[in-house]
Amino acid sequence: MGRPPRIEGEDLWYHVFNRGNEKRDVFFSDSERTYFLDFLFESAETFNVEVHNYALMSNHFHLFIRTLEPNLCRFMQGFMNKFVKVYNTKRERVGRLFQGPYRAIVVDSNEYGHELSRYIHLNYVRGHKWKNVSVRKRLEALNEYPWSSYRVYAGLEEPHWPIKSSEILSDFGATLEKQRKQYARYVKEGLLKEIDPFADVVARSILGGEGFVHSIKELLKGSARHDATAAHISLRLLSPELDEVITSVEKEYDILRDLFLVPGISRSNKLMHVREARNVFLWAAAKVCTGRLTLWEIGARAGGITASAIASARQRVENQKLKNSILSEHCRSVLARMGLEESTLPADRWSHMYMRLAVYNKKFGHCLVPYKYLADPQLGKWVQAQRAMIEDKHVADNPELCNRIKKLNKLGFSWKLGETGRKWEKMFDKLKAFALLFGHCNVPNKWEPNLQLANWVNEQRKLAKQNRLEKTRKERLEELNIDWGTSHTFYS
Numbered sequence: 000m001g002r003p004p005r006i007e008g009e010d011l012w013y014h015v016f017n018r019g020n021e022k023r024d025v026f027f028s029d030s031e032r033t034y035f036l037d038f039l040f041e042s043a044e045t046f047n048v049e050v051h052n053y054a055l056m057s058n059h060f061h062l063f064i065r066t067l068e069p070n071l072c073r074f075m076q077g078f079m080n081k082f083v084k085v086y087n088t089k090r091e092r093v094g095r096l097f098q099g100p101y102r103a104i105v106v107d108s109n110e111y112g113h114e115l116s117r118y119i120h121l122n123y124v125r126g127h128k129w130k131n132v133s134v135r136k137r138l139e140a141l142n143e144y145p146w147s148s149y150r151v152y153a154g155l156e157e158p159h160w161p162i163k164s165s166e167i168l169s170d171f172g173a174t175l176e177k178q179r180k181q182y183a184r185y186v187k188e189g190l191l192k193e194i195d196p197f198a199d200v201v202a203r204s205i206l207g208g209e210g211f212v213h214s215i216k217e218l219l220k221g222s223a224r225h226d227a228t229a230a231h232i233s234l235r236l237l238s239p240e241l242d243e244v245i246t247s248v249e250k251e252y253d254i255l256r257d258l259f260l261v262p263g264i265s266r267s268n269k270l271m272h273v274r275e276a277r278n279v280f281l282w283a284a285a286k287v288c289t290g291r292l293t294l295w296e297i298g299a300r301a302g303g304i305t306a307s308a309i310a311s312a313r314q315r316v317e318n319q320k321l322k323n324s325i326l327s328e329h330c331r332s333v334l335a336r337m338g339l340e341e342s343t344l345p346a347d348r349w350s351h352m353y354m355r356l357a358v359y360n361k362k363f364g365h366c367l368v369p370y371k372y373l374a375d376p377q378l379g380k381w382v383q384a385q386r387a388m389i390e391d392k393h394v395a396d397n398p399e400l401c402n403r404i405k406k407l408n409k410l411g412f413s414w415k416l417g418e419t420g421r422k423w424e425k426m427f428d429k430l431k432a433f434a435l436l437f438g439h440c441n442v443p444n445k446w447e448p449n450l451q452l453a454n455w456v457n458e459q460r461k462l463a464k465q466n467r468l469e470k471t472r473k474e475r476l477e478e479l480n481i482d483w484g485t486s487h488t489f490y491s
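Quick note, in numbering that gives the first Met the number 0, the sequence shown goes up one by one and the last residue is 491.
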């Protein structure tokens with residue numbers, strides 16, 4: 000049985016889980032569990048992901064998360080790869096740690112959010128060894144178990160990591176005290192009955208009612224691609240996985256992928272359609288995957304060829320399509336198998352990157368992408384390259400460059416980013432991390448992890464009071480719920 004489809008989208012909730020290879024134990028010590036959670040929440044901050052529930056057992060884990068951007072894969076890889084690398088180094092081992100790719104089920108949080116949250120928190124006290132244990136003993140064990148988010152939800156401890164519990168708890172009462180009490184009672188009731196939230200999963204990847212399942216299927220089909228307000232969805236749909244392109248070409252030409260992926264085989268084969276299949280594969284990959292991969296990365300999968308070789312193949316197919324209607328139909332069909340149409344694709348890599356910047360601008364309200372923007376490393380470097388473009392003394396003589404500058408100006412692109420701008424972005428990121436951790440922006444005056452942060456926050460308050468703070472910066476600070484009237488800082 001193949002792997003369930005990997006679904007990505009903005010503002011989607013997921014139940015993510017995995018277990019150790021051959022069901023073996025993964026976590027043998029508290030330090031290993033701490034590493035895992037440290038890397039999890041570090042990646043969550045980097046990729047703008049909310050962690051609502053977690054539970055670590057000896058040989059598996061469960062997460063209930065919400066992605067605010069279509070980046071589940073990059074988020075998971077961000078911390079899983081780091082954890083496995085540190086784990087293997089410390090234990091002087093090599094090889095696979097988990098049994099395979101993680102499972103991720105898209106969840107209708109309105110219909111199944113409460114039940115799934117309870118299921119994850121009860122995971123520790125379910126299973127064979129708890130079968131004959133009383134409800135009271137199981138509840139006591141759950142209250143004492145430190146490696147799930149239940150103790151935070153029940154108000155038994157303050158969070159050690161920035162878990163987002165307020166969204167689910169808000170449905171259980173008007174005050175935090177009542178919410179915690181009612182949620183604890185709800186979990187206790189779950190010990191008296193066995194409910195399997197997986198029973199309603201569709202296609203091993205979607206958990207929700209009929210309407211929710213339909214909306215996810217529409218997302219997969221790409222129906223949102225034609226909606227001008229759904230740029231975040233179209234971007235994801237326009238950048239399929241490379242394996243999707245390979246499968247599409249494989250089916251279109253009815254040949255094994257090895258025949259067109261390995262350069263030597265396709266060159267030596269006298270069958271014209273094999274050579275054509277390779278060229279169409281390179282054309283399609285360059286056409287639709289550059290929103291996700293560089294040409295160099297595509298070339299690595301295509302037998303180690305260079306980026307220029309891929310670009311040449313792409314142009315060669317474009318030229319031949321004008322004279323060869325059969326080739327043109329093959330190209331159209333390869334895209335159609337992925338739910339795409341050539342007319343809706345960005346014409347070149349610059350247009351792809353511009354789309355990605357537009358999505359960033361829509362979400363954050365500015366184009367000040369950090370150079371080392373871990374959520375999209377290519378975007379930060381591309382933005383810096385655009386700033387260099389304006390310094391070209393021949394830019395006025397190049398209509399294409401002038402057109403690009405006009406497009407960027409429509410987004411409010413910042414052409415000059417001096418040392419002051421870079422420092423502001425750096426301090427803003429630190430304040431954002433502080434607010435995520437403590438729930439407010441009132442940084443103590445002598446906060447040891449960063450002694451300069453409190454002074455910087457107070458300076459922003461002073462500038463705002465004097466109407467000297469840039470409008471965009473003020474709006475970004477207000478998104479963190481900064482208290483403009485507070486002149487002294489404290490912990491709440």
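Using N, Cα and C, we set each Cβ at its ideal position, and we do this for glycine too.
Just reading off the beta strand (DSSP E) that residue i is part of, what are its end residues?
i: ALA507; result: Because the chain is modelled from 0 through 491, residue 507 falls outside the range shown and cannot be assessed.
i: ASN122; result: Run containing ASN122: none; DSSP gives neither H nor E here.
i: ILE104; result: 102-106
Quick one: using the 10 Å Cβ neighbour count with 16 as the cut-off for buried, is residue i buried or exposed?
i: SER28; result: exposed
i: ASP107; result: buried
i: LEU476; result: buried
i: GLU474; result: exposed
i: SER164; result: buried
i: LYS130; result: exposed
i: GLU139; result: exposed
i: ARG117; result: buried
i: MET0; result: Because MET0 carries a pLDDT of 42, less than 50, the predicted location of this residue cannot be relied on, and the following value inherits that uncertainty. So MET0 ends up on the exposed side.
i: GLU249; result: buried
i: ILE215; result: buried
i: ALA173; result: exposed
Judging by CA-CA distance, which residue of the options is the nearest neighbour of residue i?
i: TYR86; options: GLY19, GLU139 and LYS128; result: GLY19
i: PHE63; options: ASN122, ASN408, VAL83 and ARG92; result: ASN122
i: SER258; options: ALA276, LEU241 and HIS329; result: One detail in the question is off: residue 258 reads as Leu in this sequence, not Ser. LEU258 has its Cα closest to that of ALA276, out of ALA276, LEU241 and HIS329.
i: HIS272; options: CYS288, VAL287, ALA285 and LEU255; result: LEU255
i: ARG104; options: TRP160, ASN323, VAL442 and TYR13; result: Sequence check: residue 104 is Ile here, not Arg. Cα-wise, what sits closest to ILE104 is TYR13.
i: ASP428; options: TRP381, LYS470 and PHE363; result: PHE363
i: GLU41; options: PRO161, HIS351 and ASN360; result: PRO161
i: TYR185; options: SER307, GLY112 and GLY302; result: GLY112
i: GLU176; options: ALA153, LYS192, PRO158 and GLU166; result: ALA153
i: SER311; options: VAL382, ALA173 and PHE280; result: PHE280
i: PHE26; options: PHE46, PHE60 and VAL50; result: PHE60
i: ASP37; options: PRO158, TYR149 and ARG355; result: PRO158
i: LEU407; options: ALA384, ASP396, LYS425 and LYS422; result: ALA384
i: GLU11; options: ARG336, HIS51, VAL93 and ASN17; result: A quick correction: the sequence has Leu, not Glu, at residue 11. Nearest option by C-alpha distance: HIS51.
i: GLN319; options: ASN278, GLU340, ALA306 and ILE304; result: ASN278
i: ARG274; options: LEU294, LYS286 and LEU326; result: LEU326
i: TRP381; options: ILE309, TRP414 and ASP396; result: TRP414
i: TYR144; options: PHE211, SER57, LEU462 and CYS72; result: SER57
i: PHE78; options: GLN98, PHE46, VAL134 and VAL93; result: PHE46
Should residue i and residue j be called a contact, given that it needs their Cβ atoms to be closer than 7 Å?
i: SER147; j: ALA283; result: no
i: LEU321; j: CYS288; result: no
i: LEU168; j: GLN178; result: yes
i: PHE82; j: PHE35; result: yes
i: HIS329; j: THR471; result: no
i: ASN444; j: ALA432; result: no
Ends of the alpha helix (DSSP H) at residue i?
i: ASN70; result: Here ASN70 belongs to no alpha helix (DSSP H), and DSSP marks it neither H nor E.
i: PHE16; result: PHE16 -> not in any alpha helix (DSSP H); beta strand (DSSP E) instead, spanning 11-18.
i: HIS51; result: No alpha helix (DSSP H) contains HIS51, which is instead part of the beta strand (DSSP E) from 48-55.
i: ASN457; result: 452-464
i: CYS366; result: No alpha helix (DSSP H) contains CYS366, which DSSP labels as neither H nor E.
i: TRP504; result: The structure shown does not extend to residue 504, since the chain spans only 0 to 491, so no value can be given for it.
i: PRO398; result: 398-409
i: ASN480; result: Segment: none, ASN480 is in no alpha helix (DSSP H) and carries neither H nor E.
i: ASP253; result: Premise fails: ASP253 is in no alpha helix (DSSP H) and is neither H nor E.
i: LEU175; result: 175-189
i: ASN142; result: 134-143
i: SER42; result: 29-45
i: ALA312; result: 306-320
i: ILE167; result: 165-168
i: VAL333; result: 324-335
i: ASP23; result: Contrary to the premise, residue 23 reads as Arg rather than Asp in this sequence. Neither: ARG23 is in no alpha helix (DSSP H) and is coded neither H nor E.
Tell me which same chain residues have a C-beta within less than 6 Å of the C-beta of residue i, skipping the five on either side of it?
i: ARG235; result: Any reading at ARG235 must be qualified, since the residue scores a pLDDT of 39, below 50, and its modelled position is unreliable; the value itself is stated next. Result list for ARG235: GLU7 and PRO69, in chain order.
i: ARG403; result: none
i: PHE171; result: GLN178, GLN181 and TYR182
I'd like the list of long-range same chain contacts for residue i, defined as Cβ closer than 8 Å, with 5 residues on each side in sequence excluded.
i: GLU399; result: none
i: ASN480; result: ALA434, HIS439 and CYS440
i: LEU378; result: MET352, ARG355, LEU356, TYR359, VAL368 and TYR372
i: GLY208; result: ASP107 and GLU110
i: ARG150; result: ASN142, TYR144 and GLU156
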